[in-house]
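**Student:** Handing you a structure now.
Protein chains: 2
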Amino acid sequence: MREVFQQELSEVHDRLVELAKLVEVAITKATDAFNNSNIELAEEVMENDYVIDELAVSLDELAIQILARQQPVARDLRVVVGALRMSSSLERMGDIADHIAQLARYRFPEKVIAKGLRGTFKKMGERDVEIAGLLVKLLKTQNLDIVEKMRDVDDVIDELHLNVFDKVLGETWAGTPVDTVDATLASRFHERFGDHAISIAKKVRYLSTGEWAPAED
Amino acid sequence: MREVFQQELSEVHDRLVELAKLVEVAITKATDAFNNSNIELAEEVMENDYVIDELAVSLDELAIQILARQQPVARDLRVVVGALRMSSSLERMGDIADHIAQLARYRFPEKVIAKGLRGTFKKMGERDVEIAGLLVKLLKTQNLDIVEKMRDVDDVIDELHLNVFDKVLGETWAGTPVDTVDATLASRFHERFGDHAISIAKKVRYLSTGEWAPAED
Numbered sequence: 563m564r565e566v567f568q569q570e571l572s573e574v575h576d577r578l579v580e581l582a583k584l585v586e587v588a589i590t591k592a593t594d595a596f597n598n599s600n601i602e603l604a605e606e607v608m609e610n611d612y613v614i615d616e617l618a619v620s621l622d623e624l625a626i627q628i629l630a631r632q633q634p635v636a637r638d639l640r641v642v643v644g645a646l647r648m649s650s651s652l653e654r655m656g657d658i659a660d661h662i663a664q665l666a667r668y669r670f671p672e673k674v675i676a677k678g679l680r681g682t683f684k685k686m687g688e689r690d691v692e693i694a695g696l697l698v699k700l701l702k703t704q705n706l707d708i709v710e711k712m713r714d715v716d717d718v719i720d721e722l723h724l725n726v727f728d729k730v731l732g733e734t735w736a737g738t739p740v741d742t743v744d745a746t747l748a749s750r751f752h753e754r755f756g757d758h759a760i761s762i763a764k765k766v767r768y769l770s771t772g773e774w775a776p777a778e779d
Numbered sequence: 563m564r565e566v567f568q569q570e571l572s573e574v575h576d577r578l579v580e581l582a583k584l585v586e587v588a589i590t591k592a593t594d595a596f597n598n599s600n601i602e603l604a605e606e607v608m609e610n611d612y613v614i615d616e617l618a619v620s621l622d623e624l625a626i627q628i629l630a631r632q633q634p635v636a637r638d639l640r641v642v643v644g645a646l647r648m649s650s651s652l653e654r655m656g657d658i659a660d661h662i663a664q665l666a667r668y669r670f671p672e673k674v675i676a677k678g679l680r681g682t683f684k685k686m687g688e689r690d691v692e693i694a695g696l697l698v699k700l701l702k703t704q705n706l707d708i709v710e711k712m713r714d715v716d717d718v719i720d721e722l723h724l725n726v727f728d729k730v731l732g733e734t735w736a737g738t739p740v741d742t743v744d745a746t747l748a749s750r751f752h753e754r755f756g757d758h759a760i761s762i763a764k765k766v767r768y769l770s771t772g773e774w775a776p777a778e779d
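Residue numbers (my numbering), protein chains in the order written: chain A, 563 to 779; chain B, 563 to 779.
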């Protein structure tokens, strides 16, 4: 029974890593589609979001089966409950990649973002891709040094998010209302993507150390 | 043991209802603060968000304790896991009320929303308050007829959300970029609030009927 249990826990772990990898691919393609007005790539992200959703559901079902059959306690229980939480954050990160791809498709063949902001969004996209890659590594290795790296990247994302508003609300902004709406939504999506990654990273840290910092959430 | 278990399950239920009530109060005050530029009310919502966060954490801890001590199976297990999910959506709804209050505070003493859109946002706020009230009732009574009512209200919210974009992107829009940014963010917050309510309603229905519709999520 114990052996089956360890095997099932390791299956949960593998599916979490797999899910994070799919999210990394989605955000990589979505930001590429967004920055380069690539409609095929945007549609690919949108068509594949269901794969992330299905994997998240299958992970949840597995976690619930483990709770029912193995009735884990103490740390094992928290790992399984943590996996349920992380899968829902990962599913949401997939949705955000989908939303970014949708913005690219809506405005096609125009670029989504007005000229003066393209550099900022290129950086935000790169940081979102970076944080997704770090998340995959963190889930795979459980190396907590990665959490600090992720925090640094998220700080940069937050700064870029503020830069977007500084520009859009600044005196030199010559964008149309469409430009303003798109920049606002896109910036919010990029920023939330980072937030979800950090919320998963905190759960990983909590499961390793027992240290929780809900006030920062 | 069984009696203790039933008592604990009923405690989970009570805390969920309590959490939903706090969210209803928060969104009522937040939309009032937002529509009437009431900074005291806005600050009250922001200062009280931690109460929602703490209740959500305490509910989660209780759910995890039940999983550890009672090791529920079948439907009981799904109720407990469902409560974990619902508490995280309710916590998020509290955050959104907080975000709406923040917008009111940022722009004080100005109104957040430009004149031509105030009627639309008043309606959106009323529908958000309504859906929160229905959610309290649904959690309390488990009467599934309420789910359909909530869907109708959410459809209205989605329509109002589209109206906001129609106006902001229409030819007669004379708002400044600040007006455009605020309308975009506020509309998105109102719309997400409804989405979270519906996602909880679906979980309640699933727990009652076993019918799940993840594709619509």
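For glycine and all other residues, C-beta sits at the position ideal for the given N, C-alpha and C.
Quick check: what's the CA-CA separation for A/R671 versus A/A645?
**Tutor:** Checking the sequence shown, residue 671 of chain A turns out to be Pro, not Arg. Rounded to the nearest angstrom, the two C-alpha atoms are 40 Å apart.
**Student:** With C-beta atoms as the reference, is B/K765 less than 8 Å away from B/R647?
**Tutor:** Cβ atoms of B/K765 and B/R647: closer than 8 Å.
**Student:** In this structure, does DSSP put B/G737 in helix, strand or coil?
**Tutor:** coil
**Student:** Determine the burial state of A/Q632: buried for a count of at least 16 other Cβ atoms within 10 Å of its Cβ, exposed for fewer.
**Tutor:** buried
**Student:** Could you please tell me which residues of the segment 610-627 of chain B, in chain order, have their CB closer than 7 Å to any CB of chain A?
**Tutor:** D615, V619 and I626
**Student:** Tell me, to the nearest whole angstrom, how far the beta carbon of A/N597 is from that of A/G687; I am working on the premise that it is less than 8 Å.
**Tutor:** 6 Å
**Student:** Residues in the same chain with beta-carbon distance under 8 Å from B/D690, minus the five sequence neighbours each way, listed in chain order, please.
**Tutor:** I589, T593, I719, H752, F755 and G756
**Student:** Can you tell which of A/V587, A/E602, A/E565 and A/A595 has the C-alpha that lies nearest to the C-alpha of A/I614?
**Tutor:** Out of A/V587, A/E602, A/E565 and A/A595, A/V587 has the C-alpha closest to the C-alpha of A/I614.
**Student:** For a contact defined as C-beta to C-beta under 9 Å, what are the partners of B/V674 on chain A?
**Tutor:** Result: empty, since nearest Cβ-Cβ is about 14 Å, beyond 9 Å.
**Student:** Quick one: list the residues of chain B neighbouring A/F670, beta-carbon separation under 9 Å, in chain order.
**Tutor:** Ordered by position in chain B, no residue passes the 9 Å Cβ test against A/F670, which lies about 16 Å from the chain.
**Student:** How many Å lie between A/D707 and A/R767 at the Cα?
**Tutor:** 10 Å
**Student:** Nearest chain B C-beta to A/A659 closer than 8 Å, yes or no?
**Tutor:** no
**Student:** Helix, strand or coil: how does DSSP classify B/Q569 here?
**Tutor:** helix
**Student:** How is the alpha helix (DSSP H) around A/A556 delimited, first residue to last?
**Tutor:** Nothing in the structure corresponds to residue 556 of chain A, since chain A is present only between 563 and 779.
**Student:** B/N598 by DSSP, collapsed to three states: which one?
**Tutor:** helix
**Student:** Spatial neighbours of A/V566 within its chain, please: C-beta separation below 8 Å, excluding the five flanking residues on both sides.
**Tutor:** Closer than 8 Å at Cβ, skipping near neighbours: Q632.
**Student:** Using the beta-carbon count (16 or more within 10 Å), is B/L724 buried or exposed?
**Tutor:** exposed
**Student:** Within the 8 Å Cβ cut-off, does A/Q704 reach chain B?
**Tutor:** no
**Student:** Evaluate A/E616 with the Cβ neighbour count: other Cβ atoms within 10 Å of its Cβ, from every protein chain shown; 16 or more gives buried, anything less gives exposed.
**Tutor:** exposed
**Student:** Can you say whether A/R667 is buried or exposed, counting buried as having 16 or more other CB atoms within 10 angstroms of its CB?
**Tutor:** buried
**Student:** Just checking my contact of A/V642 with A/L629 at CB under 8 Å: how many whole Å lie between their CB atoms?
**Tutor:** 6 Å
**Student:** Cα-Cα, which of A/N600, A/A625 and A/K699 is closest to A/Q568?
**Tutor:** Looking at the Cα atoms, A/A625 is the closest of the given residues.
**Student:** Helix, strand or coil: which one does DSSP assign to A/F514?
**Tutor:** Residue 514 of chain A lies beyond the range of chain A shown here (563 to 779); nothing can be said about it.
**Student:** Using a Cβ-Cβ cut-off of 8 Å, state whether B/F683 counts as contacting chain A.
**Tutor:** no
**Student:** Looking at the unbroken alpha helix (DSSP H) that takes in A/V643, where does it start and where does it end?
**Tutor:** A636 to R669
**Student:** Along the chain, where does the alpha helix (DSSP H) that runs through A/N705 open and close?
**Tutor:** No alpha helix (DSSP H) contains A/N705, which DSSP labels as neither H nor E.
**Student:** Starting from the C-beta of B/W735, find all residues in its chain whose C-beta is less than 7 Å away, skip the five residues before and the five after it, and write them out in chain order.
**Tutor:** The beta carbon of B/W735 sits closer than 7 Å to those of K729, all from its chain and outside the five residues before and after it, given in chain order.
**Student:** Which of helix, strand or coil does DSSP assign to A/L697?
**Tutor:** helix
**Student:** Look at the alpha carbon of A/L731 and the alpha carbon of A/V740, and state the distance between them as a whole number of angstroms.
**Tutor:** Approximately 14 Å between the Cα atoms of the pair.
**Student:** B/V635 CB to nearest chain A CB: under 8 Å?
**Tutor:** yes
**Student:** Beta carbons nearer than 8 Å to chain D: which residues of the segment 736-768 of chain A have them?
**Tutor:** Included in the structure are the protein chains A and B, with no chain D among them.
**Student:** Please check if any C-beta of chain A sits within less than 8 Å of the C-beta of B/L731.
**Tutor:** Cβ-Cβ to chain A under 8 Å: yes for B/L731.
**Student:** Looking at the C-beta of A/F567, does it have a partner C-beta in chain B at a distance below 8 Å?
**Tutor:** Answer no: the Cβ-Cβ gap between A/F567 and chain B never drops below 8 Å.
**Student:** In angstroms with no decimal places, state the Cα-to-Cα distance between B/S650 and A/S761.
**Tutor:** Rounded to whole angstroms, B/S650 to A/S761 spans 12 Å at the Cα level.
**Student:** Count the other CB atoms within 10 Å of the CB of B/E692; is the residue buried (16 or more) or exposed (fewer)?
**Tutor:** buried
**Student:** Would you please state the rounded distance, in angstroms, between the beta carbons of A/V579 and A/A595? I believe it to be under 8 Å.
**Tutor:** In fact, because the Cβ distance is near 25 Å, the residues do not count as touching under 8 Å.
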